[in-house]
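Presented below is the structure to which this report refers.
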Amino acid sequence: MKHFPPPYASPTQFEDRLRELGAAVIAPEGLCRWAGLRAEDLQALAPFWNDLPPDTYLRDGGRYRFRRHGSFVAEGGRLSQQAHRAHWQPLDYNALHGGLERWFEPVQPALAALPAWQALLLRLARVADALKGPQPWFIETHQFRIDTTDGIGRPTPEGAHRDGVDLVAVFLVSRVGIKGGESRVFEADGPRGERFTLQEPWTLLLLDDERVIHETTPIQPAAEHGHRDTLVVTLRRGSFQDPD
């Protein structure tokens, strides 16, 4: 299966690329420089993906997704974790699971306390400040494992979509024994699109959710226990998404 390499931007070009195109990708070594972290700081996060409970809300009948969810607010260089809450999206943005209050198990306290976790969220908030203006950012974090034990796993069962937020960050945490999983990013109001496969752990794809739509194609097993782990972080101005 042919893989298209990501269109990597350097740490100095990364945010300019995001402003210009609405999407940007940075390689792991660039992410470390951009976020002021060491590779071992990021590697210390990965074991927390080995204890994700099943996603019991999948409406396609699948058993391939495992996840945890956390809520934070970043303002003025400070990060505060919020009381555990449901994840909710309107049907306009998620035709499959929208309109449903989904209560996932929370991010483990030991993970949320790690300096690398906090540094990544605060670095994303600085990008949002630069792009949209300084203000509080309502952040939701999603740890995902997409598993191929039953065959096909679907990272985005809702298809190509926007999330109804300001920024979406997709960090590849690991990719083990799978094929597929191509990232596709398209202009929301134009013809431009890109396709590529995130292969290296701690590659970051950052999206301006107002300007682009995105999806990831299904994965299939290439070896036993194949799976794809990601950290998806969304930043939204004004408030978290909640039912009216």
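Under our numbering, residues 1 to 244 are what the sequence shown spells out, in order. Beta carbons: idealized from backbone N, C-alpha and C, even for Gly.
Residue of the options minimising C-alpha distance to residue i
i    : options               : result
H84  : R65, E105, G77        : E105
W246 : P134, Q43, V185       : The first residue shown for the chain is 1 and the last is 244, placing residue 246 beyond what the model contains.
R68  : S10, L167, V232, D242 : V232
D150 : S80, I178, P136       : I178
W49  : T234, L205, R175      : R175
I26  : S10, R38, D16         : S10
A116 : Y8, I146, E224, R33   : R33
A74  : R17, Q241, R123, R184 : R123
Y8   : R19, A169, P28, L100  : P28
With 16 other Cβ atoms within 10 Å as the buried cut-off, status of residue i
i    : result
G61  : exposed
F14  : buried
A6   : With the sequence shown as reference, residue 6 is identified as Pro, and Ala is not the correct amino acid for it. With 16 or more other Cβ atoms within 10 Å, it is buried.
E140 : buried
P157 : buried
W103 : exposed
H227 : buried
R154 : buried
S80  : exposed
E182 : buried
Q199 : exposed
DSSP bridge partner residues for residue i (one or two, in chain order)
i    : result
E140 : S71, T234
L207 : A23, V168
E215 : R184
Practice item. Pick out the complete beta strand (DSSP E) segments inside the stretch 44-106, 3 residues or longer, and give them in chain order. Key: 65-75, 78-81
Point to revise | Contact between the stretch 209-218 and the stretch 158-167 (3+ Cβ pairs under 8 angstroms) | key: yes
Point to revise | Continuous beta strand (DSSP E) assignments of at least 3 residues falling wholly in the stretch 134-199 | key: 137-147, 167-176, 178-180, 182-187, 193-197
Point to revise | Cβ contact check for the stretch 122-136 and the stretch 219-237: 3 or more pairs under 8 angstroms | key: yes
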